[in-house]
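Notes to accompany the following structure.
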Amino acid sequence: VTDQKPLGCWSVKHGQIITCPVVCNFETHEYIAVHDDKVLRIWKNTDINLDKVFKATLSADVYRIHSLPYGGPTVLFKGGGVRTLDVLLEAPQQEIENVISDEVIKWSEAFMDGEQPVLIFATEKDGDFFVYIQKLKMSSLHKYKLEQQELSKPLSFTAYIKNQIITLLCLYSNDSVYKVLIPLQQNSEEEEHILSKSQLLKLSISGNILKGTSFVVLDKDHIAVLGSLAAPGEESKEYLTIWNTKFQTLQTSKELPLATSGQLWCYEEKLFFTHGKVLTVIMYKCETSSLAAAVGKHKDSQTPDVSSFVNWNTLADEELVVSFRSQESVALKSESKMTLRSKRNTVAKVQPDPLSVGQILLNLKDTSTTVFEDELRQLISKARMPDFQASIGCVVTALINRCKTNPKYYPRNFLLHIVQTRDLSYSLCPDLMALALEKKDVHLLQICLQRFPDIPEEITYACLKVFLSISEAYLQRIDVNLESVICYIDIEFNNKEVKSEIVENGFNAELEQDIWNTKITDKTHLTADGSFCPVGPQKAALLNAVLHSAYSETFLLPHLKNLPAQQAVLFLRYLYYLYVKSSEKINITLPGIRSPTVSQIMDWMCLLLDAHFTVMVMLPEAKELLSNLHKFVRAQVRFYSELNKIEGSLRELQRLNHQKDSQTYSIEVLELI
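Counting in the UniProt record's numbering, the sequence shown runs from 1 upward without gaps.
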């Protein structure tokens with residue numbers, strides 16, 4: 001989530017349906033899924049095809065799988081039967097008892113009570129709701145009936161366990177949250193205990209009712225509720241709200257204009273929900289609840305703007321402070337970091353004020369360039385500064401903001417120094433590479449590509465397009481790191497290999513006119529066999545940085561299709577050259593530091609052909625290249641096929657050599673059959 005990179009993707013066959021959420025087995029680091037209600041699949045990150053992973057068909061329909069860090073996965077069946085995964089795998093077709101008869105499971109959750117896994121699930125039948133508590137190790141099952149609420153029914157449940165008491169919270173259709181206490185220690189297993197409930201909270205904001213769809217517990221005194229709020233005469237709007245249940249007050253809220261799926265999750269002090277087409281993650285911190293924290297936040301407050309209860313990084317004119325606070329979040333599309341404060345006058349003592357660095361930057365906003373840079377250098381030299389990485393990101397943002405307000409200002413060396421000496425990431429300073437692209441600073445882009453692990457595919461493509469467009473003559477005059485090419489490309493540029501011409505291309509005309517758009521002439525046919533490098537060492541080093549950057553094929557391919565045909569051919573020529581060069585040695589690796597691997601070369605070659613195959617087939621200048629590439633790959637396939645045929649003989653030979661006395665000199669002739 002931090003790097004916005006998909007780490008794995010698996011799909012079932014057409015017609016199959018994944019019928020319960022996939023979970024991770026914390027002990028074996030495996031994924032567990034169920035499709036078509038009864039088919040269990042278990043696989044690891046290294047597996048690619050779900051059809052080839054472990055499969056077990058069960059005898060009953062699965063409702064949910066719950067995975068606990070120290071309790072192992074537990075399977076809850078739709079009939080109320082419960083099995084641990086280990087027991088289930090011993091005999092997948094074992095008979096599963098039907099515990100709940102005609103009831104339908106509406107919700108379930110699992111906890112650890114010490115070393116004892118505990119499963120709780122709620123069911124519904126004819127308008128009545130029941131709660132079951134299952135202790136797995138003791139094989140004990142307790143059934144309870146929820147006290148009925150007139151003209152209202154539960155919409156959502158959540159629960160937590162403390163001191164052997166389960167606190168069950170129920171969100172009802174009358175826009176209220178109720179609390180039910182269930183002790184784990186029961187002397188008997190009578191059929192039904194009636195569970196009484198107490199109203200915990202009425203979801204009322206300034207006289208308007210919040211129609212909650214889902215909610216989670218943040219701590220014993222705070223809950224988060226996702227729902228819609230409709231003022232009289234206005235359209236309904238979705239909100240994420242934080243409530244203090246101890247004092248029944250609204251702590252803070254945020255409008256979500258792009259709509260959500262109605263689902264809300266909470267994990268390790270982070271809230272997860274979908275907002276529009278993105279996954280939004282919000283960090284929060286709960287402190288001890290007190291009346292002082294709730295002052296001014298009463299549920300019936302007449303404050304018209306519910307989002308004004310807390311700072312959600314929407315400071316109107318304190319851009320630098322907002323930037324700094326946004327760096328604190330490590331999550332995708334992060335919109336806030338909330339602090340539920342207990343005593344305003346003691347916050348500074350409990351935790352360092354994160355706005356202190358932002359305030360320093362605000363104070364430097366109108367200073368001279370020299371003073372500005374000197375103060376920033378001193379700021380980043382403080383090794384023990386709180387939230388050090390976030391502070392460095394804030395410093396870079398401050399430099400970028402000054403560049404935006406003063407187009408003539410561009411501290412290239414300072415930015416290079418920060419990127420080279422600090423462990424930054426794209427998410428900490430997202431505007432840095434955009435600025436470097438605008439300024440055509442290819443050296444800074446190269447360093448960013450080498451050091452940033454989370455560069456979006458759109459930016460990677462923009463860098464590739466710039467590197468391919470820039471002329472060799474211009475590149476020879478600028479500083480580029482050549483350590484990735486110095487061992488396999490002659491540094492003395494050979495004009496016979498590539499010839500450049502100056503052309504119009506639509507970029508910034510104020511820059512040197514010979515920077516952009518290298519046009520490949522007829523002489524480039526000399527490189528079609530892969531024996532000569534079609535680009536100079538500077539451009540090769542820049543392209544190598546692109547090859548090393550992380551990407552997701554799904555997100556990169558649409559951008560790569562927009563690459564101009566001539567640039568795509570040039571890039572394919574270079575990839576072919578690297579492929580031939582890496583195949584010259586037995587270990588199929590290129591010499592040098594940060595040189596591309598064969599896997600990276602092949603992956604990019606396949607991506608490029610996928611994006612431009614039709615165009616390249618039609619281009620006369622690409623036909624010979626494609627033909628030579630096909631012949632080279634076919635020859636390699638044949639070579640490795642022959643090696644596979646004698647693999648058994650070679651292993652037998654190695655075994656015979658180990659058995660013999662190595663000190664005895666002998667000459668033997670072995671016939672390979």
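Beta carbons are placed, not taken as given, at the ideal position from N, Cα and C, and that holds for glycine.
Contact check, Val82 vs Leu58, beta carbons under 8 Å: Within the sequence shown, the letter at position 82 stands for residue 82. Within the sequence shown, the letter at position 58 stands for residue 58. No; because the gap between Cβ atoms is not below 8 Å, this pair is not in contact.
Ala259 - DSSP class collapsed to helix/strand/coil: The residue given as residue 259 occupies position 259 in the sequence shown. Here Ala259 sits in coil by DSSP.
Close-in-space but distant-in-sequence residues of the same chain around Ala462 (CB under 6 Å, 5 per side omitted): In the sequence shown, counting from the first residue as 1, residue 462 sits at position 462. Answer for Ala462: Leu437, listed in chain order.
C-beta contact flag for residue 677 and Leu264 at 8 Å: Here the chain covers residues 1 to 673 and nothing more, so residue 677 does not appear.
Under the three-state DSSP convention, the category Gly227 falls into: For the purposes of this step, residue 227 is taken as residue 227 along the sequence shown, with counting starting at 1. Looking at Gly227 - three-state DSSP - the assignment turns out to be strand.
Per-residue burial, Phe372 [other beta carbons within 10 Å of its own, 16 or more giving buried]: Residue mapping note: residue 372 aligns to position 372 of the sequence shown, counting from 1. By the neighbour-count rule (16 or more Cβ atoms within 10 Å), Phe372 is buried.
Proximity of Tyr178 and Lys162 at Cβ, strictly below 8 Å: For the purposes of this step, residue 178 is taken as residue 178 along the sequence shown, with counting starting at 1. For the purposes of this step, residue 162 is taken as residue 162 along the sequence shown, with counting starting at 1. Tyr178 is not a Cβ neighbour of Lys162, given a cutoff of 8 Å.
Glu238: first and last residue of the uninterrupted beta strand (DSSP E) it sits in: For the purposes of this step, residue 238 is identified with residue 238 of the sequence shown, where counting begins at 1. Looking at the DSSP string, the run of the beta strand (DSSP E) that includes Glu238 is Lys237 to Asn244.
CA nearest to the CA of Ala159, picked from His222, Pro6, Lys539 and Glu457: Taking the first residue of the sequence shown as 1, we reach residue 159 at position 159. Closest by alpha carbon: His222.
Residues of its chain near Val99, where Cβ-Cβ distance is below 8 Å and the 5 sequence neighbours each way are ignored: Here residue 99 is taken as the residue at index 99 of the sequence shown, counted from 1. Contacts found: Gly79, Gly80, Gly81, Tyr132 and Leu141.
Pro73 versus Asp86: straight-line alpha-carbon distance, rounded: Here residue 73 refers to the residue found at position 73 when the sequence shown is read from its first residue. Here residue 86 refers to the residue found at position 86 when the sequence shown is read from its first residue. Looking at the two C-alpha atoms, the distance is approximately 8 Å.
C-alpha distance - Tyr426 paired with Leu445, whole-angstrom precision: Your numbering for residue 426 matches position 426 in the sequence shown. Your numbering for residue 445 matches position 445 in the sequence shown. Roughly 11 Å separates the two Cα atoms.
Element boundaries [alpha helix (DSSP H), containing Ile601]: Position 601 of the sequence shown, counted from the start, is the residue given in the question as residue 601. Val598 to Met618 is the span of the alpha helix (DSSP H), which, as asked, contains Ile601.
Per-residue DSSP class, three states only, for Leu650: Looking up residue 650 in the sequence shown gives position 650. The answer is helix: DSSP assigns Leu650 an H, G or I state.
Classification of Phe130 by the beta-carbon crowding that lies within 10 angstroms, buried from 16 upward: Residue mapping note: residue 130 aligns to position 130 of the sequence shown, counting from 1. The residue is buried, with at least 16 neighbouring Cβ atoms inside 10 Å.
From Gln566, Val395 and Val580, residue whose alpha carbon lies closest to that of Leu415: Reading the sequence shown from its first residue, position 415 is the one you call residue 415. Among Gln566, Val395 and Val580, the Cα nearest to that of Leu415 is on Val395.
Beta-carbon separation (whole angstroms), Glu103 vs Lys135, contact threshold 8 Å: As a position in the sequence shown, residue 103 is number 103, starting the count at 1. As a position in the sequence shown, residue 135 is number 135, starting the count at 1. Glu103 to Lys135, Cβ: 20 Å. No contact.
Cut-off 7 Å between Cβ atoms - residues of its own chain near Leu468, not counting five sequence neighbours on either side: Indexing the sequence shown from 1 puts residue 468 at position 468. Excluding positions up to five away in sequence, the list reads Gln567, Leu570 and Phe571.
Ile448 - containing beta strand (DSSP E), residue span: Taking the sequence shown and counting its residues from 1, the one referred to as residue 448 is at position 448. Just to set this straight, residue 448 is Cys in the shown sequence, not Ile. Cys448 -> not in any beta strand (DSSP E); alpha helix (DSSP H) instead, spanning Val442 to Arg451.
Proximity winner among Val669, His29, Pro92 and His35, relative to residue 674 (alpha-carbon distances): A query on residue 674 cannot be resolved here, the shown segment of the chain reaching from 1 to 673 and no further.
Whole-angstrom distance between Leu590 and Val598, CA atom to CA atom: For the purposes of this step, residue 598 is taken as residue 598 along the sequence shown, with counting starting at 1. For the purposes of this step, residue 590 is taken as residue 590 along the sequence shown, with counting starting at 1. The straight-line gap from Cα to Cα measures roughly 8 Å.
DSSP beta-bridge partners of Gly212: The count along the sequence shown starts at 1 and reaches residue 212 at position 212. Gly227, per the DSSP bridge assignment.
Boundaries of the beta strand (DSSP E) in which His142 is found, first to last residue: In the sequence shown, the residue the question calls residue 142 occupies position 142. Secondary structure note for His142: its beta strand (DSSP E) is the uninterrupted segment Ser140 to Leu146.
Burial state of Phe54 (16 or more Cβ within 10 Å): Here the question's residue 54 lines up with position 54 in the sequence shown. Exposed, because fewer than 16 other Cβ atoms sit within 10 Å of the Cβ of Phe54.
Sequence-distant residues of its chain with Cβ nearer than 6 Å to Thr614 (five each side left out): Position 614 of the sequence shown, counted from the first residue, corresponds to residue 614. If we look at Thr614 and ignore the five residues flanking it on each side, it has no Cβ neighbours.
Cβ neighbours of Ile667 in the same chain (closer than 7 Å, five flanking residues each side left out): Translated into the one-based positions of the sequence shown, residue 667 becomes position 667. Closer than 7 Å at the Cβ level, and outside the excluded window around Ile667, lies no residue.
Segments of 4+ residues assigned as alpha helix (DSSP H) that fall wholly inside the stretch 77-163: Annotation note: the stretch 77-163 contains the following uninterrupted alpha helix (DSSP H) runs of length 4 or greater, listed N- to C-terminal: 85-90.
Environment of Lys137 [buried if 16+ CB atoms lie within 10 Å]: By 1-based counting over the sequence shown, the position of residue 137 is 137. Burial call: exposed.
Residues of its chain near Arg344, where Cβ-Cβ distance is below 6 Å and the 5 sequence neighbours each way are ignored: Taking the sequence shown and counting its residues from 1, the one referred to as residue 344 is at position 344. Since pLDDT at Arg344 reaches only 33, below the 50 mark, its modelled position is unreliable, and the value read off the structure follows with that caveat. Taken in chain order, the list of residues that qualify is empty.
Residue burial classification, Phe639 (beta-carbon count within 10 angstroms, cutoff 16): Position 639 of the sequence shown, counted from the first residue, corresponds to residue 639. Of the residues assessed, Phe639 falls on the exposed side of the cut-off, its CB having fewer than 16 other CB atoms within 10 angstroms.
One or two residues paired with residue 691 in a DSSP bridge: The question about residue 691 has no answer here: the residues shown for the chain are numbered 1 through 673.
Beta-carbon spacing of Ile165, Leu146 below 8 Å: Translated into the one-based positions of the sequence shown, residue 165 becomes position 165. Translated into the one-based positions of the sequence shown, residue 146 becomes position 146. No; because the gap between Cβ atoms is not below 8 Å, this pair is not in contact.
8 Å contact criterion, which Leu449 and Ile455 should meet: CB distance rounded: Here residue 449 corresponds to residue number 449 of the sequence shown, with the count starting at 1. Here residue 455 corresponds to residue number 455 of the sequence shown, with the count starting at 1. Between Ile455 and Leu449 the Cβ distance is about 7 Å, and since that is below 8 Å, they are a contact.
Among Leu563, Thr554, Gln600 and Pro564, nearest to Asn544 - alpha-carbon criterion: The count along the sequence shown starts at 1 and reaches residue 544 at position 544. Selected option, being the one with the closest Cα: Gln600.
Boundaries (first-last residue) of the beta strand (DSSP E) holding Ile459: Position 459 of the sequence shown holds residue 459. Note, Ile459: premise wrong, no beta strand (DSSP E); alpha helix (DSSP H) at Glu457 to Ser469.
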